[in-house]
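K.L.:
Residue numbers (the working numbering): 14 to 530.
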């Protein structure tokens, strides 16, 4: 189910009802003078502020103290407010805004110049952006959206329902038709693909342009904010077809009479707009790229994925994998932003699956009651058997999942992995099995100590070896069928190995006690 956002309209004021959770009711937002945040026009005397301060955690707290009592005064004097914020890094200001309520943040953003407000808004989560903008007049919300970077603007729109997207895009098209068209095109791509991450604001110049002309063009782009980054200059021909790339460093150091065609690198690492975001991050890490160009089948440059988005992908994917490996359905929001019922569902889903798997353990033990009753010492070593297998399998699973995440291993390498893990598992099994044999030998009272030692030690050798192989091959099998290999989580591997371990243990014990001795 998609997240409900604000119901946008062309009315002069848009108001949010904060008393109840979001709903699909069209009356969720009403035109009320006492709730909408007006942009004040009345002048106020300038405020005398202390000298510029260096950014520290304590200073951020001081800024919070300043904004609290003087918020209404500050919002009437945008220039003073802007000067206050200039003494702080935007990221620190955004962190502060996260601690203020939506209405207060809305007042600040409405009072600031649009480009400053948009810069702060981009640093908040998409969910919070929706909560804040729904408390603004439609005009102010559109002004802020128009100043946001295209990729961040698209992230905001993905939080809205289809009808709300259309309504707000229509409003954006009234004042910024090109921005609305650009946003609509970017929304057509999967949010977790290269197309969903890219921005169309990049530096592209023709091949015949001389180096000094290119530098002047880049200066103009930077002044106008037409490119999100100018560290890489893409050389494009007719129809925006990508011909090569020139780094800003090379552009500065080269003979200024050279053309871009003379100094460009023609072998450009690119991605398709449909490529998964993990592949984009993998390529950026492999080739040390700050910017990854996105091209279509005709090699036409569509946009670029910048390093900040790559870092976000790495963090997002690492978080998702960590949650999956912990046996939790990945969370869409942060820990404190996730509701209790959603937590119960997302944690309970896997717990129920694992619980059902553990019921098989009870079934195996139930069917081997005769063996346990005849040799009570066997029950003492059940925890040792299943934990040895579970730990070995979890180790292998973790190593292979990470190797696949960074590109060190692929499903086609399964035979190599099998050979390595077989040797490793057997070696570990012999070491642990020898230790288990010694401990079991000392515990034998109602049964031959050697028989008990063989049963325990032999079972450990077999189960550690099998668990190592299962833990390494299962993630590859899961990826082969199109799922995230992190699904083969530590709890999942442990549950599978528990059942397998008991089957092996009772089989070896029966053979050792009844046949060998």
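We put the CB at the ideal spot given by N, CA and C, even for glycine.
Every value quoted in this text rests on a predicted model; they were computed, and no experiment measured them.
Quick check: residue 308 and residue 297, are their CB atoms within less than 8 Å of each other?
P.N.:
no
K.L.:
Check the C-beta distance from residue 483 over to residue 510 and give it rounded, since I have them as a contact under 8 Å.
P.N.:
7 Å
K.L.:
Just to confirm, are residue 481 and residue 437 a CB contact at a threshold of 8 Å?
P.N.:
Going by C-beta atoms, residue 481 is nearer than 8 Å to residue 437.
K.L.:
Nearest-angstrom Cα distance between residue 49 and residue 201?
P.N.:
Its pLDDT being 42, under 50, residue 49 is placed unreliably in this model, and the value from its coordinates should be taken loosely. Going by the C-alpha atoms only, they are around 32 Å apart.
K.L.:
Straight-line CA distance for residue 111 to residue 447?
P.N.:
Taking the straight line from one Cα to the other gives about 57 Å.
K.L.:
Assign residue 257 to one of three DSSP states: helix, strand, or coil.
P.N.:
strand
K.L.:
Can you tell which of 276, 180, 199, 181 has its C-alpha closest to the C-alpha of residue 227?
P.N.:
276
K.L.:
Residue range of the alpha helix (DSSP H) that residue 518 falls in?
P.N.:
503 to 523
K.L.:
Residue 214: which of 206, 109, 192 sits nearest, CA to CA?
P.N.:
192
K.L.:
For the beta strand (DSSP E) containing residue 247, list its first residue and its last residue.
P.N.:
Element bounds for residue 247: 245 to 249.
K.L.:
Could you check if residue 229 is buried or exposed, using at least 16 other CB atoms within 10 Å of its CB as the buried criterion?
P.N.:
exposed
K.L.:
Applying the criterion that 16 or more other CB atoms from any shown protein chain within 10 Å of the CB defines a buried residue, is residue 311 buried or exposed?
P.N.:
exposed
K.L.:
Where does residue 149 fall in DSSP's three states?
P.N.:
strand
K.L.:
Less than 7 Å between C-beta atoms, sequence neighbours within five positions excluded: which residues of the same chain meet that for residue 428?
P.N.:
If we look at residue 428 and ignore the five residues flanking it on each side, it has no Cβ neighbours.
K.L.:
To the nearest angstrom, report how far apart residue 186 and residue 291 are at their CA atoms.
P.N.:
33 Å
K.L.:
With DSSP as the reference, label residue 488 as helix, strand or coil.
P.N.:
helix
K.L.:
So residue 307 is in the alpha helix (DSSP H); what residue range does that whole segment cover?
P.N.:
Unbroken run through residue 307 is the beta strand (DSSP E), 304 to 308; no alpha helix (DSSP H).
K.L.:
Taking C-beta to C-beta, are residue 176 and residue 144 nearer than 8 Å?
P.N.:
no
K.L.:
Look at the alpha carbon of residue 288 and the alpha carbon of residue 120, and state the distance between them as a whole number of angstroms.
P.N.:
40 Å
K.L.:
State the start and end residues of the unbroken beta strand (DSSP E) segment that holds residue 316.
P.N.:
314 to 319 is the extent of the beta strand (DSSP E) around residue 316.
K.L.:
Among 357, 335, 274, whose alpha-carbon lies nearest the alpha-carbon of residue 263?
P.N.:
274
K.L.:
Going straight from the alpha carbon of residue 452 to that of residue 339, what length do you get?
P.N.:
Inter-residue distance for residue 452 and residue 339 is about 32 Å (C-alpha atoms, whole angstroms).
K.L.:
When the Cα of residue 196 is compared with those of 358, 171, 205, 420, which residue comes out closest?
P.N.:
Nearest of 358, 171, 205, 420 to residue 196, Cα basis: 171.
K.L.:
To the nearest angstrom, report how far apart residue 158 and residue 180 are at their CA atoms.
P.N.:
In this structure, the CA atom of residue 158 is about 14 Å from the CA atom of residue 180.
K.L.:
Who are the Cβ neighbours of residue 520 in its own chain at under 8 Å, not counting the five residues just before and after it?
P.N.:
none
K.L.:
From the DSSP secondary-structure annotation, give me the bridge partner or partners of residue 223.
P.N.:
272
K.L.:
Between the Cα of residue 284 and those of 318, 256, 301, spot the shortest distance and give me the residue it belongs to.
P.N.:
318
K.L.:
Under the three-state reduction of DSSP, which class applies to residue 409: helix, strand or coil?
P.N.:
Helix at residue 409.
K.L.:
Within this structure, are the beta carbons of residue 225 and residue 178 separated by less than 8 Å?
P.N.:
no
K.L.:
Name the DSSP bridge partner or partners of residue 217?
P.N.:
247
K.L.:
Rounded to whole angstroms, what's the CA-CA distance from residue 122 to residue 107? Just pull it up for me.
P.N.:
So the alpha carbons of these two residues sit roughly 11 Å apart.
K.L.:
What are the start and end residues of the alpha helix (DSSP H) that includes residue 165?
P.N.:
It spans 163 to 170 - the alpha helix (DSSP H) in which residue 165 sits, taken as one unbroken run.
K.L.:
When DSSP builds the beta bridges, which residues end up paired with residue 289?
P.N.:
206
K.L.:
What separation, rounded to the nearest whole angstrom, lies between the Cα atoms of residue 407 and residue 220?
P.N.:
For residue 407 and residue 220, the distance between alpha carbons rounds to 54 Å.
K.L.:
Since residue 137 is in the alpha helix (DSSP H), which residue starts that stretch and which ends it?
P.N.:
Segment: none, residue 137 is in no alpha helix (DSSP H) and carries neither H nor E.
K.L.:
For the region 350 to 370 against the region 486 to 500, are there 3 or more C-beta pairs whose distance is under 8 Å?
P.N.:
No, the region 350 to 370 is not in contact with the region 486 to 500.
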